[in-house]
Amino acid sequence: MKSRLQRFNSKIEAIAEHNQVPALSCAVQYKSEIIYAKAFGKHGGFNSNPVLPETSLFRIASIAKSITGLALGRMIDKKMLSLEESIFEYLPHYPKNNFDINIKHLATHTSGIRSYKGKELFSNKPYSIEDGLGLFKNDPLLFVPGADYYYSSYNYVLLSAVMQIAAKESFGSFVQREVLDALQMSQTFEDGTRNTLSREMKKRTVKMYSKTKNGYKRASRVNNTYKMAAGGYLSTVKDILKLGQAALDRSILEPSTWDEVLTQQFVMAKPTYYGLGWQCNQELDEMGYIGHIGQGVGAYTNLFVYPDAELVVGLMINASVPNLQRALDSAYNVLRNGIP
Numbered sequence: 001m002k003s004r005l006q007r008f009n010s011k012i013e014a015i016a017e018h019n020q021v022p023a024l025s026c027a028v029q030y031k032s033e034i035i036y037a038k039a040f041g042k043h044g045g046f047n048s049n050p051v052l053p054e055t056s057l058f059r060i061a062s063i064a065k066s067i068t069g070l071a072l073g074r075m076i077d078k079k080m081l082s083l084e085e086s087i088f089e090y091l092p093h094y095p096k097n098n099f100d101i102n103i104k105h106l107a108t109h110t111s112g113i114r115s116y117k118g119k120e121l122f123s124n125k126p127y128s129i130e131d132g133l134g135l136f137k138n139d140p141l142l143f144v145p146g147a148d149y150y151y152s153s154y155n156y157v158l159l160s161a162v163m164q165i166a167a168k169e170s171f172g173s174f175v176q177r178e179v180l181d182a183l184q185m186s187q188t189f190e191d192g193t194r195n196t197l198s199r200e201m202k203k204r205t206v207k208m209y210s211k212t213k214n215g216y217k218r219a220s221r222v223n224n225t226y227k228m229a230a231g232g233y234l235s236t237v238k239d240i241l242k243l244g245q246a247a248l249d250r251s252i253l254e255p256s257t258w259d260e261v262l263t264q265q266f267v268m269a270k271p272t273y274y275g276l277g278w279q280c281n282q283e284l285d286e287m288g289y290i291g292h293i294g295q296g297v298g299a300y301t302n303l304f305v306y307p308d309a310e311l312v313v314g315l316m317i318n319a320s321v322p323n324l325q326r327a328l329d330s331a332y333n334v335l336r337n338g339i340p
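Numbering of the sequence shown is given in the numbering used here, commencing with residue 1 and proceeding in unit increments.
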């Protein structure tokens, strides 16, 4: 009889083969030990080297929001800001839309700010964080802040603008020191333009693809600089496990702050399954998860943490692949009730 890990591997292999993904990297950590790390495919383009879990860089997409959630937690612990503060304390010239918006509204996607429209997701313009605000700041809110939940990466663009003013330094430098360095995530980097990546990083970064009805094509070039907090990082699958382990260990944040980060919000008595940058699906079944699903240009990613099982699963694909999550959940279910 196959072990649980062998059955898990068979399912991941089948997903990679059935979907013909250009590259997939997956790793599993159990009781603080990496027990599985495997990659499929090649880097793509002129680089025919095989993908490796230790060194190959993928876009992490919205897992970046979980990094931002920890950076926000660090600022709370340092009393640099508070969740109930109005964003207008930091951005007095930001349009008010007749409503106040506080920091917690942004972190929990309850601000009413719209999501991408048109081709905004595919922009390759070198916007700064401040420039990025211009994409949406003059648009009406979808609802009164705090009255509903609507997931939008623009919440995190605005949040990063507030955070770097409160920190008195760039968002990227604060995150690097307070989160990435603190967790020894040495293989996680800002996803800048090709001009800002070193030669070594270009070689280690997988090519990005989009799935079409005729197969995969190279994804559009995009500039993620302004949405660093929402989806603007590259990482290896092994490095991203450290983010999940931090949630298990409750490291780098005060216990009360971790409680805030990992507690889902309720709006009108309805669960949102979202805390501060972390999806919190503990109540969806008997053994839920915390973490994040990411989907962006040339990326589909998962970071799933099962606290009761002391289990962290990371997975990265270098293409936006629709209708994949159910099959991935089925693979994770093999492990989450125990490894032996």
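From the three backbone atoms N, C-alpha and C, an ideal C-beta is built for every residue, glycine too.
None of the values given here were measured: they were computed from a predicted structure.
Measuring CB atoms only, is the segment 151-165 touching the segment 104-113, in the sense that at least three cross pairs come out at less than 8 Å?
Taking a cut-off of 8 Å for Cβ pairs, the segment 151-165 and the segment 104-113 touch, as three or more such pairs fall below it.
Can you round the beta-carbon distance between residue 374 and residue 40 to whole angstroms, since I take them to be within the 8 Å contact cut?
The structure shown has nothing for residue 374, since the chain only spans 1 to 340.
Can the beta-carbon of residue 138 be found closer than 8 Å to that of residue 95?
Contact: yes.
Quick check on residue 22: does DSSP put it in helix, strand or coil?
The answer is coil: DSSP assigns residue 22 none of H, G, I, E or B.
For residue 206, the three-state DSSP class (helix, strand or coil):
Assignment of residue 206 by DSSP, reduced to helix, strand and coil, places it in the coil class.
So residue 341 packs on residue 315, CB below 8 Å; how close in whole Å?
Outside the shown range of the chain (1 to 340) lies residue 341, about which nothing can therefore be said.
Cutoff 8 Å; reference residue 284; Cβ partners in own chain excluding five residues on either side:
The pLDDT assigned to residue 284 is 44, lower than 50, so where the model puts this residue is not dependable, and the model offers no usable value.
Going by the CB atoms, is the gap between residue 297 and residue 57 shorter than 8 Å?
Going by beta carbons, residue 57 and residue 297 fall outside the 8 Å limit.
If you follow the alpha helix (DSSP H) that residue 65 is part of, which residue opens it and which one closes it?
That run of the alpha helix (DSSP H) goes 63-77.
Return the CA-CA distance between residue 149 and residue 112, expressed in angstroms with no decimal places.
Taking the straight line from one Cα to the other gives about 7 Å.
Would you tell me roughly how many angstroms separate the C-alpha atoms of residue 151 and residue 114, rounded to the nearest one?
Near 8 Å, if we compare the C-alpha coordinates of residue 114 and residue 151.
Can you grab the Cα-Cα spacing for the pair residue 281 / residue 262, in whole Å?
Cα to Cα, residue 281 sits roughly 10 Å from residue 262.
Based on DSSP bridge pairs, tell me the residues matched to residue 320.
DSSP, once it has assigned bridges, lists 210 as partnering residue 320.
Taking 8 Å as the threshold, find out whether the segment 43-54 comes into contact with the segment 227-238 through three or more Cβ pairs.
Enough Cβ pairs lie closer than 8 Å, so yes.
Can you tell me whether residue 279 is buried or exposed? The criterion is at least 16 other CB atoms within 10 Å of its CB, across all chains shown.
Burial of residue 279 is indicated by the presence of at least 16 other C-beta atoms within 10 angstroms of its C-beta.
Opposite residue 235 in the DSSP bridges: which residues?
Answer is 58 and 188, bridged to residue 235.
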